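Which chain is which? The protein sequence lines are G and V, in order. Sequential numbering of the first sequence, starting at 1, is according to the numbering used here. Sequential numbering of the second sequence, starting at 1001, is according to the numbering used here. Each remark here refers to the structure printed beneath this line.
Protein chains: 2
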Amino acid sequence: MSTFTTQDEHYMRLAIEASREAVAEGNFPYGATLVSADGKVHVSRNNQVTSGDCTGHAEVVLVREVAQTLGAQALVGATVYASGEPCAMCSGAMFWAGVAHIVYAMPTRVINAVGGAPYLQPKTAEVLAGASRAVRVDGPLLEEEATAVLRDFMTKK
Amino acid sequence: MSTFTTQDEHYMRLAIEASREAVAEGNFPYGATLVSADGKVHVSRNNQVTSGDCTGHAEVVLVREVAQTLGAQALVGATVYASGEPCAMCSGAMFWAGVAHIVYAMPTRVINAVGGAPYLQPKTAEVLAGASRAVRVDGPLLEEEATAVLRDFMTKK
């Protein structure tokens, strides 16, 4: 069991706020916050509908935006706070980028139960098990706050 | 054990040829061929170095390029031939895109052994196990031809 700090909660709330903004823009309710090893912060949100690109999950958007704006080095050793436990695609993208630590709000089990199909099953830690570089994965943190956004999205859909 | 046709070999050779072109452009030795449900063909190659985007694996590039050029519908029900067994990121991206069938040349075990770190462990079929929609995964096909390109790349690196 992890102990989270008020700093962790702050960064996760930025990700959850981004998940609301994603919905307001016509996309899916997911956001992610990067905190680089030297303290730079970048927040991204899902854009898969408006971009017409199904790879536009918040974490993949984050990896691309950070590489373009702060430079790829800002991803190395970074922590990412994701409003939903990252799927296999996003877990892989963050691994290749050099992310060191992933913290999530809603677990995969909750995302799949509340959001329904389509869904993948593996948890982030399962995707990254046995990787050539260990990535720490912690969660859930602020699960209820993040799930409220997904529930609201599903109700209005 | 799958039985492959000369058509399968043809599409896989397009992917392997693309893996050579990727290296010639300064990228990693991977390529992928899409054959849509209505027979449209699109070939993509790794661009992660020249694009400065670590998500630029051949299959993710393919998902994005096809959505932009042929339209997202061309991915639904499609078969993708990949010169390397797709990693978790690429497996997830193709799942979200609606790809129905994945055929690979080099197995993950061979890619990791020949190419070395960084690497992820899950096989494509493990990433997609239990997904809300079944994706058929077959391989290896033309493993030696694809591995020769990776071996050559590693020798010259």
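Note that CB positions come from ideal geometry on N, CA and C, so glycine has one too. Here the structure is a predicted model, which is why all the values come from computation and not from measurement.
With C-beta atoms as the reference, is V/ALA1015 less than 7 Å away from V/SER1091?
The count along the second sequence starts at 1 and reaches residue 1015 of chain V at position 15. The count along the second sequence starts at 1 and reaches residue 1091 of chain V at position 91. For V/ALA1015 and V/SER1091, no; Cβs fall outside 7 Å.
Under the DSSP definition of a beta bridge, which residues are partnered with V/VAL1137?
The count along the second sequence starts at 1 and reaches residue 1137 of chain V at position 137. Its beta-bridge partners are V/ILE1102.
Kindly give me the distance between the Cβ atoms of G/VAL43 and G/GLY31, rounded to whole angstroms, as I take these residues to be in contact under 8 Å.
Translated into the one-based positions of the first sequence, residue 43 of chain G becomes position 43. Translated into the one-based positions of the first sequence, residue 31 of chain G becomes position 31. Contact between G/VAL43 and G/GLY31 holds, since their C-beta atoms are separated by about 7 Å, short of 8 Å.
Who are the neighbours of V/THR1108 on chain G, taking C-beta pairs under 8 Å?
Stepping through the second sequence from its first residue, residue 1108 of chain V is reached at position 108. Ordered by position in chain G, no residue passes the 8 Å Cβ test against V/THR1108, which lies about 11 Å from the chain.
Own chain partners of G/THR79 with C-beta closer than 6 Å, once the 5 adjacent residues on each side are dropped:
Mapped onto the first sequence, residue 79 of chain G falls at position 79. Listed in chain order, the non-local C-beta contacts of G/THR79 below 6 Å within the same chain comprise VAL35, HIS101, local neighbours out to five positions each way being set aside.
Please report how far the alpha carbon of G/GLY56 lies from the alpha carbon of G/PRO122, in whole angstroms.
Position 56 of the first sequence holds residue 56 of chain G. Position 122 of the first sequence holds residue 122 of chain G. Across the structure, G/GLY56 and G/PRO122 are spaced so that their CA atoms are roughly 19 Å apart.
Neighbourhood of V/ASN1112 by C-beta distance below 8 Å, restricted to the same chain and skipping five residues each side:
For the purposes of this step, residue 1112 of chain V is taken as residue 112 along the second sequence, with counting starting at 1. Residues of the same chain with a CB within less than 8 Å of the CB of V/ASN1112, apart from the 5 flanking positions on each side, are TYR1119, GLN1121 in chain order.
Answer yes if the segment 15-25 of chain G comes into contact with the segment 128-146 of chain G, meaning at least three C-beta pairs across the two stretches below 8 Å, and no otherwise.
Segments in contact, yes.
Quick one, which of V/ALA1131, V/GLU1085, V/CYS1087, V/VAL1076 has its alpha-carbon nearest V/ALA1097's?
Here residue 1097 of chain V refers to the residue found at position 97 of the second sequence. The candidate whose alpha carbon is nearest that of V/ALA1097 is V/VAL1076.
Alpha-carbon to alpha-carbon, V/THR1155 and G/THR50
In the first sequence, counting from the first residue as 1, residue 50 of chain G sits at position 50. In the second sequence, counting from the first residue as 1, residue 1155 of chain V sits at position 155. Their backbone Cα atoms lie some 43 Å apart in a straight line.
Applying the criterion that 16 or more other CB atoms from any shown protein chain within 10 Å of the CB defines a buried residue, is G/GLY26 buried or exposed?
Against the first sequence, residue 26 of chain G aligns to sequence position 26. Looking at its Cβ environment, which holds fewer than 16 other Cβ atoms inside 10 Å, G/GLY26 is exposed.
Using a Cβ-Cβ distance cut-off of 7 Å, determine whether G/MET89 contacts chain V.
Within the first sequence, residue 89 of chain G is the residue found at index 89, counting from 1. It does; some Cβ of chain V falls within 7 Å.
For G/SER132, which residues in chain V fall below 7 Å Cβ to Cβ?
Walking along the first sequence from the start, residue 132 of chain G turns up at place 132. Here the neighbours are ALA1117, PRO1118, TYR1119.
Please report the residue range of the alpha helix (DSSP H) in which V/TYR1011 lies.
Indexing the second sequence from 1 puts residue 1011 of chain V at position 11. Boundaries of the alpha helix (DSSP H) around V/TYR1011: 1006-1024.
Backbone secondary structure at G/THR79 - three-state DSSP:
Start at 1 with the first residue of the first sequence, and residue 79 of chain G comes out as number 79. DSSP places G/THR79 in strand when its eight states are reduced to three.
Can you list, in chain order, the residues of the segment 78-105 of chain G whose Cβ is nearer than 7 Å to any Cβ on chain V?
Going along the segment 78-105 of chain G in chain order, one finds CYS87, ALA88, MET89, SER91, GLY92, ALA93, PHE95, TRP96, ALA97 with a Cβ nearer than 7 Å to chain V.
For G/ALA74 and G/MET94, the rounded distance between their alpha carbons
Here residue 94 of chain G is taken as the residue at index 94 of the first sequence, counted from 1. Here residue 74 of chain G is taken as the residue at index 74 of the first sequence, counted from 1. Taking the straight line from one Cα to the other gives about 12 Å.
Indicate the three-state DSSP secondary structure (helix, strand or coil) for G/THR33 in the structure shown.
As a first step, residue 33 of chain G is located in the first sequence; it is residue number 33 there, counting from the start. DSSP, read as helix, strand or coil, puts G/THR33 in strand.
With respect to the beta strand (DSSP E) encompassing V/VAL1049, which residues constitute its N-terminal and C-terminal limits?
Looking up residue 1049 of chain V in the second sequence gives position 49. No residue range can be given for V/VAL1049, since it is assigned to no beta strand (DSSP E) and is classified by DSSP as neither H nor E.
Determine the chain G residues that contact V/VAL1127 at a beta-carbon separation under 8 Å, and present them in chain order.
Start at 1 with the first residue of the second sequence, and residue 1127 of chain V comes out as number 127. Going along chain G in sequence order, the residues near V/VAL1127 (Cβ under 8 Å) are ALA88, LEU120, PRO122, VAL127.
Candidates G/ALA117, G/ALA105, G/VAL99: which alpha carbon is nearest G/VAL60's?
The residue you call residue 60 of chain G lines up with position 60 of the first sequence. Among G/ALA117, G/ALA105, G/VAL99, the Cα nearest to that of G/VAL60 belongs to G/VAL99.
Quick one, which of V/ASN1047, V/TYR1081, V/PHE1028, V/PHE1004 has its alpha-carbon nearest V/MET1012's?
Position 12 of the second sequence, counting from 1, holds the residue named residue 1012 of chain V. That would be V/TYR1081, whose Cα lies nearest to the Cα of V/MET1012.
Contacts of G/GLY52 in chain V (Cβ-Cβ under 7 Å)
Counted from its first residue, the first sequence places residue 52 of chain G at position 52. Those within 7 Å of G/GLY52 in chain V are ALA1067, ALA1072.
In the DSSP assignment, what are the bridge partners of V/VAL1043?
For this step, residue 1043 of chain V is matched to residue 43 along the second sequence. DSSP lists V/THR1033 as the beta-bridge partner residues of V/VAL1043.
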